[in-house]
Amino acid sequence: MRRYAFLDHDGPIPFAHRGGAADRPENSMAAFQRAVDLGYRYLETDAHATADGVVVAFHDRTLDRVTDRRGAIARLPYSEVAKARIHGTEPIPRLEDLLGSFPEARFNIDLKDAPVIDPLARTLHRTKAWDRVCITSFSTRRLAQLRARLPLFTDKDVCMSLGPRGVMALRAKSYGGPAAKLVRLAATGIACAQVPYGLGPVPFVTESFVAQAHELGLQVHAWTVNDPVEMHRLLDLGVDGIMTDDLIALRDVMTARGLWRPHRHGRTGARRDVSPAS
């Protein structure tokens, strides 16, 4: 089984989902700064590319839901996206600014759309951040496209998670289905399964699911968990990471179990005057 610097953590990994969206604007420098100040090293975010190829940390395809502007990010130049304010106050950060502002942080990056694949690879190459990132996506095809492009940019094994097809195959295996496909996936650079903790009232992460993932050498990271009771259940099952919006709740649960390992970041500072890429 390959070992990835990204996953080199003592115990279950606490992830700040979108920087910790419970009480700061999601995917904002303010959110990520607070997470770092609380001792979080693992920051989850999303990646879209603007029309001119700038990678921004933003969840939705459009600006409409959480900013004071409208429009599809992929159709707008960065100069226009940079004018938007999340919840009317916070600029949308470039991924490159996040990597530079928090040099000791590790970023779990959700690849949101195909046009971001090459810009993302170029950004990671330019910032030499390959060991600091894990790439995930709701599209198995996008993950395969990125993996095919990576040799053009790096010879490193980049941490990646299972796509939806692999996740469903793993779930089938946990109910007694075949595992050959997953064995092949685990042997070609897949490091973890990042999955919802449940589907409505039905638990997705079960004891069998975790056991089957571990048998294949895959870590299990559950999202997005804001209920302390559910956090305890998942930790009892042996999950390897939990993503949360509620940074205080997860910190308190892990502290109570003797699992909280705060990272003491060196001098960091969120750059609020986000500027266009050259």
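Residue numbers (this note's numbering): 3 to 280.
Ideal Cβ positions, reconstructed from N, Cα and C, are used throughout, including at glycine.
Beta-carbon gap between residue i and residue j smaller than 8 Å
i: H223; j: V241; result: yes
i: L184; j: L172; result: yes
i: I137; j: M162; result: yes
i: V38; j: H216; result: no
i: F8; j: D133; result: yes
i: D70; j: A86; result: yes
i: R263; j: D12; result: yes
Candidates the options, of which the one nearest residue i by Cα
i: R124; options: L145, R151, S139; result: R151
i: L148; options: P121, I88, F104; result: P121
i: L101; options: V58, G41, I250; result: V58
i: L145; options: D112, L154, P95; result: D112
i: V83; options: A53, S103, E98, V207; result: A53
i: G165; options: P180, A174, D66, T142; result: T142
i: F79; options: T69, T156, H50; result: It should be pointed out that residue 79 corresponds to Pro in this sequence rather than to Phe. Of the listed residues, the one whose Cα sits closest to P79 is H50.
i: F211; options: I94, R63, A195; result: A195
i: I88; options: G179, Q221, F60; result: F60
i: R77; options: D115, A251, D70, P95; result: D115
i: Q221; options: I250, R259, V197, G90; result: V197
i: G179; options: Q214, F206, D10; result: Q214
For residue i: DSSP bridge partner residues
i: G202; result: G202 pairs with nothing; no bridge assigned.
i: E82; result: Partner(s): none; E82 has no beta bridge.
i: P93; result: R87
i: V169; result: DSSP, once it has assigned bridges, lists no residue as partnering V169.
i: S163; result: C194
i: A18; result: L45, T246
i: N110; result: E46, C136
i: W225; result: P198
Minimum Cβ-Cβ distance from residue i to chain D less than 8 Å
i: A76; result: Checking the listed chains, one finds no chain D in this structure; it contains a single protein chain.
Own chain, CB closer than 7 Å to residue i, minus 5 neighbours either side, in chain order
i: D248; result: A24, N228
i: H234; result: V255
i: S277; result: Note on S277: pLDDT 43, under 50, position unreliable in the model; the coordinate value appears next. Result list for S277: empty, nothing under 7 Å.
i: V283; result: Summary: the structure shown does not reach residue 283, with the chain confined to residues 3 through 280, and so no result is reported for it.
i: D66; result: R72
i: I250; result: none
6 Å CB neighbourhood of residue i in its chain, flanking five on each side removed
i: A32; result: R26, E92
i: E28; result: R20
i: R167; result: T142
i: E46; result: F17, H19, N110, M245
i: G90; result: D70
Contact set for residue i: own chain, Cβ-Cβ below 8 Å, skip 5 residues either direction
i: P14; result: L237, V241, D242, G243, I244, M256, L261
i: T208; result: S176, L239
i: A129; result: The sequence given here places Thr at residue 129; Ala does not occur at that position. So the qualifying residues of the chain are E98, L101, G102.
i: V135; result: F8, R108, F109, N110, I111, L126, V160, C161
i: T64; result: R72, G73, A74, I75
i: S280; result: Confidence at S280 is low in this model, with a pLDDT of 32, below 50, so its placement is unreliable and no value can be given for it.
*Per the contact definition of three or more C-beta pairs closer than 8 Å, is the segment 105-117 in contact with the segment 37-45?*
yes
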